[in-house]
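Let me begin by presenting the structure, written as structure tokens, before commenting on it.
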């Protein structure tokens with residue numbers, strides 16, 4: 001764990017050995033209110049002299065009902081951390097727990113089921129199906145899981161993002177901000193029935209949006225935390241977006257480089273400038 005130019009180290013549970021300690025980790029995740037826990041996670045791409053260490057022994061927790069932004073210079077490991085935490089990528093070593101469930105021993109089928117039931121993921125480029133309406137896009141995860149949506153389930157999810165009157169429109173008929181809100185509604189569809197997701201992950205959710213649309217999306221994510229107790233973990237390069245979070249975690253060269261509590265965009269930008277200078 002590094003300290004960059006006086007940046008305080010991230011406060012996270014200390015890594016523990018694997019094996020019999022797995023039960024201890026699971027218990028700790030549940031008793032300390034951690035929605036997600038990464039323990040000594042290491043990710044390496046490639047082999048030999050060309051190998052790149054994307055994450056180097058990261059230990060970090062995300063509390064239930066909190067909003068965390070993850071920031072760092074380009075290549076610092078932000079997206080890799082998000083993908084590991086969401087169960088999209090498996091680490092070379094270390095452990096990832098979601099709600100006390102260790103993802104390591106899970107088969108690909110079991111991991112897919114866990115993601116479907118307990119994880120929401122919002123991408124920068126929306127990942128909507130152009131031929132489907134907003135309602136059909138929101139319902140798609142349920143249909144892929146073999147479940148027919150309830151009569152008001154999709155409408156309720158769209159209402160939560162302020163798009164209940166736009167459900168019959170296709171993506172091409174929606175603005176960029178509206179498309180991102182449809183993507184958020186889709187990630188929350190199981191939550192509308194009170195069953196999940198346990199965590200909503202967002203990878204640069206405002207990266208393709210103008211300032212006004214970005215503000216609407218960020219206010220929506222903030223409201224999900226404040227009004228519904230949703231856990232949100234977001235990667236962003238934008239200090240204005242990070243200012244909506246309760247906590248800003250900083251990465252550099254695949255390692256934790258510090259963190260900030262609730263801060264202004266100006267304060268976050270200044271800290272990022274120091275971090276980039278150090279890199």
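Numbering (the UniProt record's numbering), first residue to last: 1 to 279.
Positions of the beta carbon are idealized from the N, C-alpha and C atoms, including for glycine.
Keep in mind that this is a model prediction, so the values were computed, not measured.
Fewer than three beta-carbon pairs drawn from the stretch 240 to 250 and the stretch 92 to 103 are found closer than 8 Å, and the two stretches are therefore not classed as touching. Residue 230 has no beta-bridge partner at all, per DSSP. DSSP, read as helix, strand or coil, puts residue 210 in coil. Assigned with DSSP and collapsed to three states, residue 268 falls in helix. Within the UniProt domain "Tyrosine specific protein phosphatases" (76 to 129), the beta strand (DSSP E) runs of at least 3 residues that lie entirely inside it are, in chain order, 93 to 98, 119 to 122. Check the Cα spacing between residue 232 and each of 116, 159, 117, 188: the tightest is with 188. Boundaries of the alpha helix (DSSP H) around residue 160: 153 to 160. Look at the beta carbons and you see the stretch 70 to 86 not touching the stretch 144 to 163: under three pairs across the two are nearer than 8 Å. Ranked by Cα distance from residue 129, the first of 200, 219, 182 is 182.
Judged by their CB atoms, residue 205 and residue 122 are nearer to each other than the 8 Å cut-off.
When DSSP states are grouped into helix, strand and coil, residue 256 belongs to the strand group. By the neighbour-count criterion, in which a residue is buried when 16 or more other Cβ atoms sit within 10 angstroms of its Cβ, residue 109 is exposed.
For residue 202, the enclosing beta strand (DSSP E) has its first and last residue at 199 to 203.
Spanning the alpha carbons of residue 146 and residue 116 requires a straight line of approximately 12 Å. Looking at 224, 142, 272, the one whose alpha-carbon comes closest to that of residue 260 is 272.
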